[in-house]
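Using mature numbering (1 follows the signal peptide of the UniProt record, and there is no 0), the letters of the sequence shown map in sequence onto residues -25 to -1, 1 to 408. Quick reminder that beta carbons are idealized off the backbone N, C-alpha and C, glycines included.
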Amino acid sequence: MYYKKAKELLLICMASAVLTSCGNAVLVKEDSKSETNTIVEGIDDSEDNNLQNVYNAYADYLENNPLYEGFEVGEYETYETKLAFSLVYIDEDYIPELIIGWTKLLANTSDICILKYVDGNIISSGPIGHYNSISYIPRKNVLNESNYNLGICSNWYGYLNDEGELSTHCESYEECPEGESLGFSYYVKGEEVNEDEYNNYYDSVIEGEFTGWSGNNSSNTTYILNEESLELLRSGEVEIDDPSKESNHPEVEAYSELLKGMLQDVDEPLRVALITIDNDNTYELAVFQGNAHNDGALLYSYRDNEVVSLAIDGFPQYGSYGSFELLQNLGMISYNYYRNGGAGEYRFYLSLANGKMTLDKGMQADITFTEDGELKENKYYLDGQEITGEEYESIIESYEASLSEIVDYDSCYEILKEEDIPEALSQEYYSID
C-alpha cells in the first residue's frame, strides 16, 4: 500500500510541475502515467505524411500554441532558461518526433514534451522527464524516466502507442529514504507483479542501447527555440538527432564501458559529467565518488582510441568538497584545498595538453594564530618560494576572467546502474545552480 501511495504521489508531483498547454486542442486524453496528451487536428495530409508537411506542422504547433501553462503564444524563455528542441527517432517509422525541453537542468521537474505527427494530426504528450532529461532507445519505441523523490527511487519504461500517446510498459519503485533500500515494488502495465514477472516482461520488450536527451545538450542537433530555428525547421534544415550515424565522439562509448566496470567495484552511486578542458573536440570525463573535504574527481581523457587516466604524481584526483574549476580557454582546471583549523589553503592550477595533465602552479597560504586565537602571521608561497600576499592575490585574479564553469558534485549525473549511463553521457556538463 505504501508503494501505491508513493507511486501516485510521485506521478502527481511530476505531472503538476509543468503542464503542457492544450488550449487549442480538440481532444485531451490521459493514460496510466497521468501525462497530458494533446491532439491538434485538421493538418493537411494530402501528401501522405510528406516530411515537409511534418516539419511545417511541428513549426505551426510551436509557433501558434502556448507550450506551457501560463505561457503566451510565442513565449519561449524565462528569466533564467530557454526552450530547446530536437528532432529524434523514437519509434520505428520514418517520421521523426520532436522533443521540447529547457536549456537548464531543473531538479525534480517533469517538463519535457514530445510532439508526434500521426495521420495529419500533432499529438503533444507530456510532461515527462527528470532534471529536464529523458532516455530512449532510438527506433525501438522505448522511453525511460528515472527519478528519486520523497525517498522513492523509481524507474518508468514506456512507449508511444498507435495514437502517438504515452503509454506504460513497466515500472519499479524502491523505498530508500536514507539511501538504504527497504524493498521494491514492481508493475507491468499498471498491475503489480513479482520480481521474476517484472524481469521477464522487461527482457521481452526492452532491447537496445538507451540514449539520453536534454535541452541543455550542446550538440548541433539541439536548437534553441526562436524564430530563426522555426524557419530552419520549416525549411527542413534542422538536423535529426540520429545515434545510428557514426559518432563524432567515440570517447563517449569508451567512457560508457569504463563506467560499467567501475559500477561493479563501488557500493555507492557515482556522479559523472562530460567536460571540455582543452578544446580539442574530445570530451573529458569527471567521476565523483563523494563531496566530502577530501573528495575530488577522477579525470579521464581519450587518446589513441583508449581511455587514459589524467592522474599524475601527487594528484590521484582533482578538487575538494566535490568540485573544481574549469578554465576552458586556457585548457586548465584549478581548485583550492582548505587546511584544517583555518590554517590556510593549498591552491593548484593544472593544464591539459596531448592527453596529459601538468601542474602549472602550486600555491600555499599559511595562517598562524596565537594561543588566544588572534591572527599572528600570514605567509604565501608559489611553487615553494615565498611571495607577498599581494602577489598571491594577483595570481588568483589573473585567472578569474578565464573561469568558465565550476564542476560540482551536485550538478553531475548520478548513476546507480548501467541503465543510467547513456543519459549521464548524453550531454556536456552544465551547472544546475
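| Around the Cβ of His268, are there at least 16 other Cβ atoms within 10 angstroms (buried) or fewer (exposed)? | exposed
| query | Nearest to Leu378 by CA position, among Asn175, Tyr310 and Tyr36, is which residue? | reply | Tyr310
| request: Taking 8 Å as the threshold, find out whether the region 167 to 183 comes into contact with the region 23 to 41 through three or more Cβ pairs. | output: Judged by pairs of C-beta atoms under 8 Å, the region 167 to 183 does not touch the region 23 to 41, as fewer than three such pairs exist.
| field | Residues sharing a beta bridge with Asp352, DSSP | value | As written in the sequence, residue 352 is Glu, which differs from the Asp given in the question. Its beta-bridge partners are Thr343.
| field | Through-space distance from Leu207 to Ile109, alpha-carbon basis | value | 24 Å
| request: Return the chain-ordered list of same chain residues with a C-beta closer than 8 Å to the C-beta of Glu170, the five sequence neighbours on each side being excluded. | output: Phe159 and Tyr161
| request: Would you list, in sequence order, the uninterrupted beta strand (DSSP E) runs of no fewer than 3 residues that lie entirely inside the region 166 to 243? | output: 166 to 168 and 186 to 189
| field | Range of the contiguous beta strand (DSSP E) that encloses Gly319 | value | Element bounds for Gly319: Gly319 to Ala328.
| query | How is the beta strand (DSSP E) around Asp383 delimited, first residue to last? | reply | Glu380 to Asp383
| message | Can you tell me whether Val48 is buried or exposed? The criterion is at least 16 other CB atoms within 10 Å of its CB, across all chains shown. | response | exposed
| field | Rounded separation between Asn315 and Leu233 - CA only | value | 34 Å
| For Tyr36, which of helix, strand or coil comes out of DSSP? | helix
| request: Compare the Cα-Cα distances from Gly297 to each of Tyr312, Asp288 and Asn304 and report the closest residue. | output: Nearest neighbour of Gly297 by Cα position, chosen from Tyr312, Asp288 and Asn304, turns out to be Tyr312.
| task | Give the secondary structure of Gln264 by DSSP, where H, G and I count as helix, E and B as strand, and everything else as coil. | result | coil
| request: Name the one or two DSSP bridge partners that Gln292 has. | output: Gln292 is not bridged to any residue.
| task | Tell me whether Thr333 is buried or exposed, calling it buried when 16 or more other Cβ atoms sit within 10 Å of its Cβ. | result | exposed
| query | If we count the other Cβ atoms within 10 Å of its Cβ and call it buried at 16 or more, is Asp137 buried or exposed? | reply | With fewer than 16 other Cβ atoms within 10 Å, it is exposed.
| By Cβ distance, which residues of its chain are closer than 6 Å to Arg322, with the 5 residues on each side in sequence left out? | Asn311 and Met338
| said: So, with DSSP's three-state summary, where would you put Asn304? | reply: helix
| So what's His105 in DSSP terms, helix, strand or just coil? | coil
| What did DSSP end up calling Gln360 once you bin it into helix, strand or coil? | strand
| request: Please determine if the region 65 to 74 and the region 101 to 121 are in contact, where contact requires at least 3 C-beta pairs separated by less than 8 Å. | output: yes
| query | Quick one: Cα of Ala229 to Cα of Lys235, how far? | reply | 10 Å
| Cα separation between Glu72 and Glu38? | 17 Å
| task | Can you check DSSP and say which residues form a bridge with Cys387? | result | Beta-bridge pairing links Cys387 to no other residue.
| request: Would you mind giving the Cβ-Cβ distance between Val382 and Tyr404, rounded to the nearest angstrom? I have them listed as a contact below 8 Å. | output: 6 Å
| request: State the Cα-Cα distance for the pair Asp395 and Thr197, rounded to the nearest angstrom. | output: 21 Å
| Can you tell me whether Ile287 is buried or exposed, with buried defined as 16 or more other CB within 10 angstroms of its CB? | exposed
| message | Short of 6 Å in beta carbon distance, which residues of its chain neighbour Lys354, apart from the five on each side in sequence? Order them along the chain. | response | Short of 6 Å from the beta carbon of Lys354, and not among the five residues preceding or following it, lie these beta carbons of its own chain, in chain order: Asp341.
| request: Work out the CA separation of Glu346 and Asn122 for me, nearest whole Å. | output: 51 Å
| query | Looking at the C-beta of Asn96, does it have a partner C-beta in chain C at a distance below 9 Å? | reply | Note that chain C does not occur in the displayed structure, where there is just one protein chain.
| request: Give me the Cα-Cα distance between Tyr30 and Glu214, rounded to the nearest whole angstrom. | output: 12 Å
| request: Spatial neighbours of Ala399 within its chain, please: CB distance less than 6 Å, with the 5 preceding and 5 following residues excluded, ordered by chain position. | output: Val247, Tyr388 and Ile390
| So Asp253 and Leu327 are in contact, right, with Cβ under 8 Å, and what is the actual spacing, rounded? | 5 Å
| said: Closer than 8 Å to a non-hydrogen atom of the ligand GDP - does that hold for the CB of Tyr111? | reply: No copy of the ligand GDP occurs in the structure displayed, which carries no ligand at all.
| request: Tell me whether Tyr282 sits in a helix, a strand or coil according to DSSP, three-state version. | output: According to the sequence provided, residue 282 is Val. The question's Tyr does not apply to it. Note: Val282 maps to strand in three-state DSSP.
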